[in-house]
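Enquirer: Note that full-length UniProt numbering gives residue 145 to position 145 of the sequence shown, counting from 1, and the numbers run on in steps of one.
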Amino acid sequence: TAPRPSSSCSNSSEDDDLPEELRGLDKELVEKILNEIIESGQQVTFKDIAGLEDAKAIVNELVIMPMKRPDIFTGLRKVPNGLLLFGPPGTGKTLIGKAIAYQSGATFFSISSSSLTSKWIGEGEKLVRTLFAVAAYRQPSVVFIDEIDSLLTQRKADENEASRRIKTEFLVQLDGTGTSGQGQVLVIGATNRPHELDDAARRRFVKRLYIPLPEQKDREVLLRTLVRKNSHSLSDQDFLKISTKTNGFSGADLSSLCTDAAMGPIRQLGSLALEIDPRDVPPITFKHFRKALRGTNPSVAQDDLKVYIDWNNTYGSKSTTVEDDDSDDDDE
Numbered sequence: 001t002a003p004r005p006s007s008s009c010s011n012s013s014e015d016d017d018l019p020e021e022l023r024g025l026d027k028e029l030v031e032k033i034l035n036e037i038i039e040s041g042q043q044v045t046f047k048d049i050a051g052l053e054d055a056k057a058i059v060n061e062l063v064i065m066p067m068k069r070p071d072i073f074t075g076l077r078k079v080p081n082g083l084l085l086f087g088p089p090g091t092g093k094t095l096i097g098k099a100i101a102y103q104s105g106a107t108f109f110s111i112s113s114s115s116l117t118s119k120w121i122g123e124g125e126k127l128v129r130t131l132f133a134v135a136a137y138r139q140p141s142v143v144f145i146d147e148i149d150s151l152l153t154q155r156k157a158d159e160n161e162a163s164r165r166i167k168t169e170f171l172v173q174l175d176g177t178g179t180s181g182q183g184q185v186l187v188i189g190a191t192n193r194p195h196e197l198d199d200a201a202r203r204r205f206v207k208r209l210y211i212p213l214p215e216q217k218d219r220e221v222l223l224r225t226l227v228r229k230n231s232h233s234l235s236d237q238d239f240l241k242i243s244t245k246t247n248g249f250s251g252a253d254l255s256s257l258c259t260d261a262a263m264g265p266i267r268q269l270g271s272l273a274l275e276i277d278p279r280d281v282p283p284i285t286f287k288h289f290r291k292a293l294r295g296t297n298p299s300v301a302q303d304d305l306k307v308y309i310d311w312n313n314t315y316g317s318k319s320t321t322v323e324d325d326d327s328d329d330d331d332e
């Protein structure tokens with residue numbers, strides 16, 4: 001059961017406490033959204049995300065620029081109402097959502113599908129309606145739905161009525177974001193299982209971006225970022241070796257690897273670790289990483305990668321650059 005919302009957003013239980021645009025909605029659900037779903041403006045930018053240059057370019061053109069200049073991006077150029085981020089787990093889909101919200105100055109709403117279907121059991125349909133109403137009131141807004149496949153999975157004969165109603169309400173509200181006002185509400189769905197999405201849901205996410213595993217150069221940047229807060233003696237050559245040996249690792253896998261390597265100096269100290277001055281803790285070395293690599297494997301199977309690549313080839317959105325446009329002139 002969800003915890004009761006705090007009283008910080010309201011001084012009384014009267015409906016009059018709500019803004020005029022939100023009156024008539026369930027006040028308790030409005031407060032739940034304000035207290036539990038809206039995330040404070042975390043300063044995440046694309047510079048904090050290694051690699052994914054194609055995805056960043058598409059997002060900047062389709063989302064961030066239109067949200068900053070809605071007066072220019074009108075009609076066919078307006079923000080799409082649905083953006084799907086798909087790919088292996090641990091590749092930075094949530095970070096991209098937060099970066100979009102921060103760089104565009106939007107309010108960031110974050111909720112998982114499991115919360116809609118279980119945390120507020122019996123209230124899911126009403127919560128969806130209220131969530132979109134609050135997002136419209138606070139626009140420009142980014143509504144980030146994690147595990148979107150759980151909410152919008154393909155229809156099954158044994159699907160329960162409550163799940164079906166939540167799904168239907170979500171699709172109705174998603175359609176509405178594209179036709180109301182300036183359309184400054186963007187819904188971002190994140191999934192590790194895009195192939196399980198309902199066809200109708202997939203079509204509503206008009207832009208579908210593949211967020212792949214990091215390449216070697218991006219893994220090297222990630223490794224440097226992860227260890228920079230700890231003392232280490234790693235050389236450029238060491239970072240190159242580690243990034244080469246971690247082919248197939250996700251960002252989350254690399255984080256786990258670095259955590260294990262960082263424990264190496266502590267394990268060396270044994271019981272002395274409880275007495276040593278923090279400044280005297282030995283640095284992390286390549287030897288610690290070499291040992292950590294023996295006990296760390298990629299979390300994403302090659303068979304799963306093929307599923308993502310095939311789905312991307314069929315349904316994914318591709319980057320279109322200025323150079324691409326210029327090269328087409330010769331075909332006219």
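From the three backbone atoms N, C-alpha and C, an ideal C-beta is built for every residue, glycine too.
All values reported here derive from a predicted model rather than from experimental measurement.
(1) So for residue 336, helix, strand or coil by DSSP?
(2) Specify the secondary structure class of K229 as computed by DSSP and reduced to three states.
(3) To the nearest angstrom, report how far apart S10 and K27 are at their CA atoms.
(4) Between the region 137 to 155 and the region 106 to 116, are three or more C-beta pairs nearer than 8 Å?
(5) If I follow the unbroken alpha helix (DSSP H) through S104, where does it start and stop?
(6) Can you find at least 3 beta carbon pairs, one from the region 246 to 255 and one from the region 86 to 97, that sit closer than 8 Å?
(7) Are M67 and V59 touching if we call contact CB-CB under 7 Å?
(8) For T168 and L25, which I take to be in contact (beta-carbon distance under 8 Å), what is that distance rounded to the nearest angstrom?
(9) Go to S141, then tell me how far its beta strand (DSSP E) extends in each direction, as first and last residue.
(10) Cutting at 6 Å between CB atoms, please list the residues of its own chain near G316, excluding the five before and the five after it.
(11) Relative to the C-alpha of P194, which residue among F205, V185 and V187 is closest?
(12) Around the C-beta of P278, are 16 or more other C-beta atoms found within 10 angstroms, so that it is buried, or is it exposed?
(13) Out of curiosity, what's the CA-to-CA distance linking P283 and S235?
(14) Which residues in the same chain have their Cβ closer than 6 Å to the Cβ of F132, if we skip the five residues on either side of it in sequence?
(15) Between which two residues does the beta strand (DSSP E) holding G251 run?
(16) Curious, which full-length beta strand (DSSP E) runs of at least 3 residues does the region 184 to 242 contain?
(17) Kindly identify the DSSP beta-bridge partner or partners of T153.
(18) Over the uninterrupted alpha helix (DSSP H) stretch that includes T314, give me the two end residues.
(19) Tell me whether L52 sits in a helix, a strand or coil according to DSSP, three-state version.
(20) Taking Cβ positions, are L171 and L29 nearer each other than 7 Å?
(21) Looking at C-alpha atoms only, which residue of I242, F86 and V63 is the closest neighbour of L76?
(22) Using three-state DSSP, classify T177 as helix, strand or coil.
(23) Report all residues from its chain with a CB closer than 8 Å to the CB of L95; omit the five preceding and five following residues, and keep chain order.
(24) How long is the line joining the alpha carbons of K56 and S243, rounded to whole angstroms?
(25) Which whole-angstrom value describes the C-beta separation of A292 and G270, a residue pair presumed to lie in contact below a C-beta threshold of 8 Å?
(26) Excluding sequence positions up to five away, which residues of its chain have a Cβ less than 7 Å from the Cβ of N230?
(27) For residue 347, count neighbouring C-beta atoms within 10 Å of its own C-beta (all shown protein chains included) and say buried if the count is 16 or more, exposed if not.
(28) What does the alpha-carbon distance come out to for the pair N313 and D303?
(29) Whole angstroms is fine: what's the gap from R155's alpha carbon to D198's?
(30) What residues in its chain sit with their C-beta under 8 Å from that of Q268, if we drop five residues either side in the sequence?
(31) Could you give the residue range of the alpha helix (DSSP H) that holds F286?
(32) Going by the CB atoms, is the gap between F109 and A135 shorter than 7 Å?
(33) Report the rounded CA-to-CA distance for D218 versus E53, giving the unit in angstroms.
Expert: So, to answer that:
(1) Since the displayed the chain opens at 1 and closes at 332, residue 336 lies outside it and no answer follows.
(2) Position 229 of the sequence shown, counting from 1, holds the residue named residue 229. If DSSP states are grouped into helix, strand and coil, K229 belongs with coil.
(3) Taking the sequence shown and counting its residues from 1, the one referred to as residue 10 is at position 10. Taking the sequence shown and counting its residues from 1, the one referred to as residue 27 is at position 27. Unreliable positioning characterises S10 in this predicted model, as indicated by a pLDDT of 43, which lies under 50. The coordinate reading is nonetheless provided below. In a straight line, the C-alpha of S10 is about 10 Å away from that of K27.
(4) yes
(5) Numbered from 1 along the sequence shown, position 104 holds the residue referred to as residue 104. K93 to S104 is the extent of the alpha helix (DSSP H) around S104.
(6) yes
(7) Here residue 67 corresponds to residue number 67 of the sequence shown, with the count starting at 1. Here residue 59 corresponds to residue number 59 of the sequence shown, with the count starting at 1. Not in contact: M67 and V59 (Cβ atoms no closer than 7 Å).
(8) Within the sequence shown, numbered from 1, the residue matching residue 168 stands at position 168. Within the sequence shown, numbered from 1, the residue matching residue 25 stands at position 25. Taking a contact as a CB-CB distance under 8 Å, the pair T168 and L25 does not count as one, their CB atoms being some 19 Å apart.
(9) Position 141 of the sequence shown, counted from the start, is the residue given in the question as residue 141. Element bounds for S141: S141 to D146.
(10) Locating residue 316 in the sequence shown gives position 316, where the first residue counts as 1. These residues qualify, in order along the chain: R208 and Y210.
(11) Start at 1 with the first residue of the sequence shown, and residue 194 comes out as number 194. It is F205 whose Cα lies nearest to the Cα of P194.
(12) Residue 278 sits at position 278 when you count from the first residue of the sequence shown. Result: exposed.
(13) Residue numbering aside, residue 283 sits at position 283 when the sequence shown is read from its first letter. Residue numbering aside, residue 235 sits at position 235 when the sequence shown is read from its first letter. The straight-line gap from Cα to Cα measures roughly 12 Å.
(14) Taking the first residue of the sequence shown as position 1, residue 132 is located at position 132. So the qualifying residues of the chain are Q173.
(15) In the sequence shown, residue 251 corresponds to position 251, counting from 1. Careful: G251 lies outside any beta strand (DSSP E), inside the alpha helix (DSSP H) at G251 to A262.
(16) 185 to 191 and 207 to 210
(17) As a position in the sequence shown, residue 153 is number 153, starting the count at 1. For T153, which the question treats as bridged, DSSP gives the partners L197.
(18) In the sequence shown, the residue the question calls residue 314 occupies position 314. Taken as a continuous stretch (DSSP letters only), the alpha helix (DSSP H) holding T314 covers Q302 to Y315.
(19) Start at 1 with the first residue of the sequence shown, and residue 52 comes out as number 52. If DSSP states are grouped into helix, strand and coil, L52 belongs with coil.
(20) Working through the sequence shown from its first residue, we reach residue 171 at position 171. Working through the sequence shown from its first residue, we reach residue 29 at position 29. It is not a contact, given that the beta carbons lie outside the stated cut-off.
(21) The sequence position of residue 76 within the sequence shown is 76, counting from 1. The candidate whose alpha carbon is nearest that of L76 is V63.
(22) Taking the first residue of the sequence shown as position 1, residue 177 is located at position 177. Three-state result, T177: helix.
(23) The residue you call residue 95 lines up with position 95 of the sequence shown. Once the five neighbours on either side are set aside, the close Cβ partners of L95 are V44, D48 and I49.
(24) The residue given as residue 56 occupies position 56 in the sequence shown. The residue given as residue 243 occupies position 243 in the sequence shown. Rounded to whole angstroms, K56 to S243 spans 22 Å at the Cα level.
(25) Locating residue 292 in the sequence shown gives position 292, counting from the first residue. Locating residue 270 in the sequence shown gives position 270, counting from the first residue. The pair is not a contact, with the Cβ atoms about 18 Å apart (cut-off 8 Å).
(26) Residue 230 sits at position 230 when you count from the first residue of the sequence shown. Shown here for N230: same chain residues with a beta carbon closer than 7 Å to its own, the five before and five after excluded, namely A262 and I284 in chain order.
(27) Look at the range of the chain in this structure, 1 to 332, and you will see that residue 347 is not part of it.
(28) Counting from one through the sequence shown, the residue named residue 313 turns up at place 313. Counting from one through the sequence shown, the residue named residue 303 turns up at place 303. About 16 Å.
(29) The residue given as residue 155 occupies position 155 in the sequence shown. The residue given as residue 198 occupies position 198 in the sequence shown. Rounded to whole angstroms, R155 to D198 spans 7 Å at the Cα level.
(30) Here residue 268 refers to the residue found at position 268 of the sequence shown. Here the set comprises P282.
(31) Here residue 286 corresponds to residue number 286 of the sequence shown, with the count starting at 1. Note, F286: alpha helix (DSSP H), F286 to R294.
(32) As a working note, residue 135 is residue 135 in the sequence shown. As a working note, residue 109 is residue 109 in the sequence shown. In contact: A135 and F109 (Cβ atoms closer than 7 Å).
(33) Counting from 1 along the sequence shown, the entry for residue 218 is found at position 218. Counting from 1 along the sequence shown, the entry for residue 53 is found at position 53. Their Cα atoms are separated by approximately 10 Å.
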